[in-house]
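For reference, the structure discussed in these notes is given below.
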Amino acid sequence: MSLSVIDIVIIFAYIIGVIFLGFYISKKASKDLQSYFLGGNSMKWYYLGLSNASGMFDISGTMWTVSILFIYGLKSAFIPWLWPVWNQVFVFVYLAIWMRRSNTMTGAQWITFRFGDGKGARLSHIIIVAFAIISVIGFIAYFFEGIGKFCTSILPWDLSMQIGTYHLTSERGYALILCILTTLYTIKGGMYSVVATEVLQFFIMTIACLIIGYIGYTSVTAEQINAVVPNGWKDLSFGWNLGLDWTTTALPNVSDKITSDGFGLFGLLFMMMLFKGIFASIAGPVPSYDMQRVLSTRTPSDAAKMSVSSILVLYIPRYLMVAAFAVLGLVYLGPELGAMGKDIDFEKVLPLAIARFVPVGLQGLLLAGLLAAFMGTFSAFVNAAPAYIVNDIYKKYINPNASNAKYIRLSIWSSVILVMLGIIFGFNASSLNKLTLWITSALYGGYAASNVLKWIWWRFTGNGYFYGMLFGLIGSSVKLFFFPEIVDIYVFPIMLLFSFVGCIIGTYLTPLENREAVKQFYRQTRPWGFWGPIKREVMAEDPGFKPNNDFKRDMFNIVVGITWQMAQVVIPIYFMIRENYHMLVWVLIFIVTSWLLKKYWWNRLKEADEMPANITPSNN
550 MSLSVIDIVI IFAYIIGVIF LGFYISKKAS KDLQSYFLGG NSMKWYYLGL
600 SNASGMFDIS GTMWTVSILF IYGLKSAFIP WLWPVWNQVF VFVYLAIWMR
650 RSNTMTGAQW ITFRFGDGKG ARLSHIIIVA FAIISVIGFI AYFFEGIGKF
700 CTSILPWDLS MQIGTYHLTS ERGYALILCI LTTLYTIKGG MYSVVATEVL
750 QFFIMTIACL IIGYIGYTSV TAEQINAVVP NGWKDLSFGW NLGLDWTTTA
800 LPNVSDKITS DGFGLFGLLF MMMLFKGIFA SIAGPVPSYD MQRVLSTRTP
850 SDAAKMSVSS ILVLYIPRYL MVAAFAVLGL VYLGPELGAM GKDIDFEKVL
900 PLAIARFVPV GLQGLLLAGL LAAFMGTFSA FVNAAPAYIV NDIYKKYINP
950 NASNAKYIRL SIWSSVILVM LGIIFGFNAS SLNKLTLWIT SALYGGYAAS
1000 NVLKWIWWRF TGNGYFYGML FGLIGSSVKL FFFPEIVDIY VFPIMLLFSF
1050 VGCIIGTYLT PLENREAVKQ FYRQTRPWGF WGPIKREVMA EDPGFKPNND
1100 FKRDMFNIVV GITWQMAQVV IPIYFMIREN YHMLVWVLIF IVTSWLLKKY
1150 WWNRLKEADE MPANITPSNN
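Per my numbering, the sequence shown runs over residues 550 to 1169.
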């Protein structure tokens, strides 16, 4: 792909600009760990919301989303439930409020707040640090794989070279350069740098989405789309089987991809995603940038507002771009994809569409936006993980009295080492889809049981948390290395059950430790669930304490919120494929669900900041 001088200038100006911004604001970040990792809890919720939205708009995920829309049509709107994407709804409805009430810095520190001190609590603290580090390394590999594949398809330079006996491909060369540059500005500026650059990146990406949406809409007609897709491609509904027969089209090899993904029995897949999604969502966000944004807000209500704003500003522009790339690929890229034969790579639909359809002069802005997507998400993970090493290992167990300068210096080195490990893992990754499915299904399957029980069960102990997480990590690792051919989503129930057994065994090995700490957690967080004995003791000590009776309201808001989020996914897709009747129906659904959330959720947020009279939370 050839780029004009102006396109190249835009791309390099952006990269140099974000690095300069990271260095410029680094003085704020260097004050202490609270400033470096949480921005001093002084940033406004809407800045954090834009930052969080930018962090979720990663290039690897966008390539994957374009490829599944290309293959599965409207039914692809359900496939991101593998993550599950609607865990963000659980977060903004109630989990963000519960998490922010802790006043902690990391997910591992939150575990100490939940279980107190003692052997079991320390073990649970260590295991969540291990999970955080493993998951971040996996995500870095995921980003590394995606950005290399993207860059080789749209940038004109060949970066391949021979280093001794090792041949460095151009794909790996691009990925290395961008990972190093992003790590550079992230470690220099900490959370301030991440948020500032991600807010800038969000606006660049939104402009890029509108541009490619306009190009897609004006370049493709409904008749052209109907001529290249199989029957059922434009249907959101489905039965037990997927019901898409690509063998009758110009791209019969697509059927092989559906078979290799294991998604032919779509009804079974949907049930598995729903089952997994409920447990994974109640468990709460994994200890990464999502949780860090929540803990960075000023108040619990701000944490909820930040979380909902991420969905509101992200989905429609992102899926407008995704739908545009998919229809351009369907109508015009059939010969290129068909020529790949059995090695057809649907993850290249996006970069191939950019190279062919985006006019000179706009390519630079669009490519800067997509590079911004990668850099934003990558930087969020690079900033999140070192907090666990420095704050939760070094400071807690090794040197609690070191200077702030030493902690921040160690944070920088931790970032560098984790990025190196993620890159090494990325060199051995062969497919975005395989990485996506392993991270979202097998790895998170081992995470869910412990992290559901920690919120809702009074008797659950730090020991139980440790064994549940340990069993889950062992199970997901065995799946990855010994049974890679099994579709990961179908092993989620096994991982969940295996982890749940570990939770029960660990919990009943010892009596409940730190009963006072558990009571303090209940007073301050005020969760609903199975808290009977603790609730009675707290109310006996403080008759004015008001327990959480909002379970039914929260569940209603979650159903409404998932529907509201789904509307924002399908509206731009229906718009792009000219299904105007369906689009208007979903616009109406979006308006109604927005009104319901305003009435039953937003208007009640002021209650989230009310603390019991005898609680004055301080940073742990």
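Glycine residues also receive a C-beta, built at the ideal position from the N, C-alpha and C atoms.
Because the structure is a prediction, the values reported are computed rather than measured.
Endpoints, the beta strand (DSSP E) within which residue i is located
i, result
"Ile628", "Premise fails: Ile628 is in no beta strand (DSSP E) and is neither H nor E."
Whether residue i touches residue j by CB criterion (7 Å)
i, j, result
"Leu914", "Ile568", "no"
"Thr1056", "Phe1009", "yes"
"Leu618", "Gly762", "no"
"Val642", "Gly1110", "yes"
"Lys825", "Phe1047", "no"
"Phe787", "Lys624", "yes"
"Ile686", "Phe923", "no"
"Leu879", "Val777", "yes"
"Ile860", "Gln1069", "no"
"Val615", "Ala873", "no"
"Phe927", "Phe1105", "no"
"Tyr864", "Val678", "no"
"Cys1052", "Ala998", "yes"
Cα-Cα separation, residue i to residue j
i, j, result
"Pro1096", "Trp1077", "8 Å"
"Phe1015", "Asn1000", "11 Å"
"Ala852", "Ala829", "20 Å"
"Leu599", "Trp1150", "21 Å"
"Gln773", "Leu708", "38 Å"
"Ile1082", "Arg1072", "The displayed chain sequence assigns Pro, not Ile, to residue 1082. Distance between the alpha carbons of Pro1082 and Arg1072: 13 Å."
"Gly1013", "Ile1005", "14 Å"
"Trp1080", "Ile831", "16 Å"
"Leu1154", "Val857", "12 Å"
"Arg1075", "Asp1099", "10 Å"
"Leu499", "Gly910", "The displayed coordinates of the chain run from 550 to 1169. Any statement about residue 499 would go beyond what the structure contains."
"Gly813", "Ile893", "18 Å"
"Phe627", "Ala1116", "12 Å"
"Val1108", "Trp1144", "14 Å"
"Trp647", "Leu793", "43 Å"
"Phe699", "Ala602", "21 Å"
"Thr755", "Phe906", "18 Å"
"Leu704", "Ile683", "31 Å"
"Pro633", "Gly833", "11 Å"
"Met710", "Ile729", "18 Å"
"Trp782", "Phe1139", "23 Å"
"Asn775", "Tyr766", "15 Å"
"Val843", "Asn940", "17 Å"
"Gln658", "Ser673", "10 Å"
"Gly588", "Ser845", "In this prediction, Gly588 scores a pLDDT of 48, lower than 50, which makes its location untrustworthy; the coordinate-derived value is nonetheless stated afterwards. Looking at the two C-alpha atoms, the distance is approximately 7 Å."
"Ile1231", "Asp810", "With the chain covering 550 to 1169 only, the question about residue 1231 has no answer from this structure."
"Trp613", "Lys593", "32 Å"
"Leu901", "His716", "25 Å"
C-beta neighbour in chain E for residue i, strict 7 Å
i, result
"Ile1120", "Among the chains in the structure shown there is no chain E, since it carries only a single protein chain."
Residue i burial status per 10 Å Cβ neighbour count (16 or more: buried)
i, result
"Pro1121", "buried"
"Asp666", "exposed"
"Asn780", "exposed"
"Val554", "exposed"
"Met556", "Residue identity differs from the one stated: residue 556 is Asp in this sequence, not Met. Asp556 should be labelled buried."
"Ile903", "buried"
"Thr797", "exposed"
"Lys1003", "buried"
"Trp630", "buried"
"Glu694", "buried"
"Tyr585", "Confidence is the limiting factor: at Tyr585 the pLDDT is only 47, short of 50, which leaves the residue's position unreliable and the question unanswerable from this model."
"Glu1159", "exposed"
"Tyr563", "buried"
"Gly971", "buried"
N-terminal and C-terminal residue of the alpha helix (DSSP H) that residue i is part of
i, result
"Asn948", "Where Asn948 is concerned, there is no enclosing alpha helix (DSSP H), given that its DSSP letter is neither H nor E."
"Val634", "Premise fails: Val634 is in no alpha helix (DSSP H) and is neither H nor E."
"Thr1074", "1064–1074"
"Leu800", "Neither: Leu800 is in no alpha helix (DSSP H) and is coded neither H nor E."
"Arg867", "849–881"
"Thr1056", "1041–1058"
"Ser1143", "1129–1149"
"Arg1153", "From DSSP, Arg1153 is part of no alpha helix (DSSP H); its letter is neither H nor E."
"Pro1121", "1100–1125"
"Met820", "815–832"
"Ala771", "771–777"
"Phe1009", "Counting along the chain, Phe1009 falls outside any alpha helix (DSSP H), and DSSP gives it neither H nor E."
"Met1088", "1081–1090"
The ligand NAD heavy atom lying under 6 Å from the CB of residue i
i, result
"Ile565", "Here there are no bound small molecules, and the ligand NAD is not part of this structure."
At what residue ranges does the stretch 650–713 contain a whole run of the alpha helix (DSSP H), taking only runs of 4 or more? 656–664, 668–703
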